[in-house]
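Below: one structure, written as structure tokens.
In the working numbering, the protein residues as written are 29 to 172.
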């Protein structure tokens, strides 16, 4: 039988914050599906054209990224190492999503790197950190 330690308060607070982060991501995905280009506020003509040109798989991929991330965060909060495949799927979907956006559109040229690259790097960084945290928690005996 495996014994799972509860883990320090910092682990519990971090995983709780990651669950909230996942819920916010799901809300933003729903907003994008519901409102389209206006999901982040009043959209410019460029934003509307960009959103209209997104491939049909883009929004479903966004949903996979945020739902897998939320499931992974909840499992990690529950101290389950089974969060790992969900977090790998989330990170992979996020990289594909933003990779396609930056490689296939002129968004950086139109809006500038400072406006377009920061938040995607934060999102990918948090996803990578969460994936690392699963391995760390398992190594420390906080997750099984």
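Note that the Cβ used here is the ideal one computed from N, Cα and C, for glycine as well. None of these values were measured; they are calculated from a predicted model.
- For the pair of segments examined, the region 74–89 was found not to touch the region 97–105: the number of CB pairs separated by less than 8 Å stays below three.
- Around the CB of residue 146, fewer than 16 other CB atoms lie within 10 Å, so the residue is classed as exposed.
- Residue 93 is positioned such that its CB atom lies closer than 7 Å to that of residue 118.
- Nearest in C-alpha terms to residue 78, of all of 48, 166 and 128, is 128.
- For residue 145, the secondary structure class from DSSP, reduced to helix, strand or coil, is coil.
- Between the region 108–122 and the region 57–65 there are fewer than three inter-stretch CB-CB distances shorter than 8 Å, so the stretches are not counted as touching.
- Between residue 170 and residue 35, the C-beta gap is smaller than 7 Å, which places the two residues in contact.
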